[in-house]
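Q:
Numbering (the numbering used here), first residue to last: 161 to 543.
(1) Quick one: using the 10 Å Cβ neighbour count with 16 as the cut-off for buried, is residue 286 buried or exposed?
(2) Output the residue ranges of the beta strand (DSSP E) runs that lie fully inside the segment 382 to 468 and measure 3 residues or longer, sorted by chain position.
(3) Buried or exposed: where does residue 184 fall if 16 or more other Cβ atoms within 10 Å of its Cβ makes it buried?
(4) For residue 447 and residue 347, what's the separation of their Cα atoms in angstroms?
(5) Pick out the complete beta strand (DSSP E) segments inside the segment 236 to 317, 3 residues or longer, and give them in chain order.
(6) Can you say whether residue 494 is buried or exposed, counting buried as having 16 or more other CB atoms within 10 angstroms of its CB?
(7) Between which two residues does the beta strand (DSSP E) holding residue 340 run?
(8) Considering only residues of the same chain and omitting the five flanking positions on each side of residue 460, which have a CB-CB separation below 6 Å?
(9) Is residue 254 near residue 337, with beta carbons less than 7 Å apart?
(10) Do you know how far the Cα of residue 310 is from the Cα of residue 232?
(11) Going by C-alpha distance, which of 325, 376, 305, 342 is nearest residue 358?
(12) Verify whether the separation of the beta carbon atoms of residue 475 and residue 213 is less than 7 Å.
(13) Should residue 252 and residue 238 be called a contact, given that it needs their Cβ atoms to be closer than 7 Å?
(14) Closer than 6 Å to a non-hydrogen atom of the ligand FAD - does that hold for the CB of residue 314?
(15) On the criterion of 16 or more Cβ atoms from any shown chain inside 10 Å, does residue 257 qualify as buried, or is it exposed?
(16) Under 7 Å Cβ to Cβ from residue 456, same chain only, skipping five residues before and after it: list those, please.
(17) Output yes or no for whether 7 Å exceeds the beta carbon distance between residue 176 and residue 325.
(18) Contact check, residue 173 vs residue 217 under 8 Å by CB: the rounded distance?
(19) In angstroms with no decimal places, state the Cα-to-Cα distance between residue 408 and residue 496.
(20) Since residue 192 contacts residue 518 with CB under 8 Å, what's their CB separation in whole angstroms?
Below, the structure is given as structure tokens:
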């Protein structure tokens, strides 16, 4: 008789679990410039486990309208046969739907297309010395733009497998604790929708989750552990969490985890977005946790609610004395969200707070932060 271990399938990136979407609701309110959704996936029967700080990988397919537009631009019928990466024969339409990424155009795809196109202007653009021009061309464009601007580059549909990258899963920070939701996992997803070069665009996975993953549908998913973004082992250790926008997702998981387990450590959340009325994600939950004492402090920053823009780093500086007191008492400091600007601005604000409140100046603050990093008291999940 098979053991329980062998009876339970091992799900992974290469063998994802087909999960049922049990909830898919809009988090943002009327007047928001963003579409952010709360999505719940069932884990029933999977045997899968996760911890706050982990990520969930979601596979998605390209929408049929985008595939049809690209086939028309290529001038190749969708039923043309091709062999996928594993050597299986499929139609070109299927390849463009579930195997090849036709979204945001990368330099590699442009260079590979240029080698086949035999177009003098494109070959010149692709030269190494024209890097700045290439970056300017790539901005806001997808593969279909390249095919329309420089037609005739693909004669054999199989060549697309040397031009285009594979479709890869999108990783999302988990927004739930399994201690509170034993048979499900939650996500907070910002749906990427924009217009460029006269065309409406959308993110591959977020667009799928926003428009083609209703409650009752199924999604291939898997978990990715992240031991570098964990709650302290000591449940009484205070934590400071900086999570603007969907960066708040893992901190919802942290709060749920401590609440479900009855842990007593102080928790301080800094949340920011554009407008309180429409963009305060999980507002009622966080206010309830604050009233219950699970969340010790809640500081919000809504940048568009007043003439002067206020961000989470603004609130950090305003609460410098209390923030430093928490750090001196051993608090762990977490940041999740945009790596390009927010995370850098938050680190600068943190260094300013330490420099001012410790009286040790910039050099002393840098040493203090380095010691926090070494002790794993400063952790980031940025993207």
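The C-beta atom is built at its ideal place from N, Cα and C for all residues, glycine as well. Bear in mind that the values here come from a model prediction, so they are computed numbers and not experimental data.
A: A quick look at the data gives this:
(1) buried
(2) Runs of the beta strand (DSSP E) inside the segment 382 to 468: 399 to 402, 427 to 433, 457 to 462.
(3) Buried is the call here.
(4) Separation of residue 447 and residue 347 (C-alpha to C-alpha, rounded to the nearest whole angstrom) is 20 Å.
(5) 241 to 243, 249 to 251
(6) Residue 494 should be labelled buried.
(7) Counting along the chain, residue 340 falls outside any beta strand (DSSP E), and DSSP gives it neither H nor E.
(8) 431
(9) no
(10) The alpha-carbon atoms of residue 232 and residue 310 are separated by roughly 14 Å.
(11) 305
(12) no
(13) yes
(14) Among the components modelled here there is no ligand, and therefore nothing to report on the ligand FAD.
(15) buried
(16) Cβ neighbours of residue 456 beyond the five flanking positions: 426, 427, 428.
(17) no
(18) 6 Å
(19) 7 Å
(20) Not a contact, Cβ separation roughly 39 Å.
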